[in-house]
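Residue numbers (the UniProt record's numbering): 1 to 59.
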């Protein structure tokens, strides 16, 4: 349950960060943004896989 909350928070934070930044970006900002997106996407994929496995166990 806590992992799911963290995943949703990471995904929301990544979207807000990407949407709120305009104009020129430093290399550090670009790297941080890419890293946040990567971890948010990984958390989403892990959650999807976990839910798929749990659903498969119930069938």
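Glycine is no exception: its CB is placed at the ideal position from the N, C-alpha and C atoms.
query: Does residue 24 come out as helix, strand or coil in the three-state DSSP assignment?; result: coil
query: Taking the beta carbon of residue 34 as the centre, do at least 16 other beta carbons fall within 10 Å, making it buried, or is it exposed?; result: exposed
query: Closest to residue 10 by CA distance: which of 43, 29, 48 is it?; result: 43
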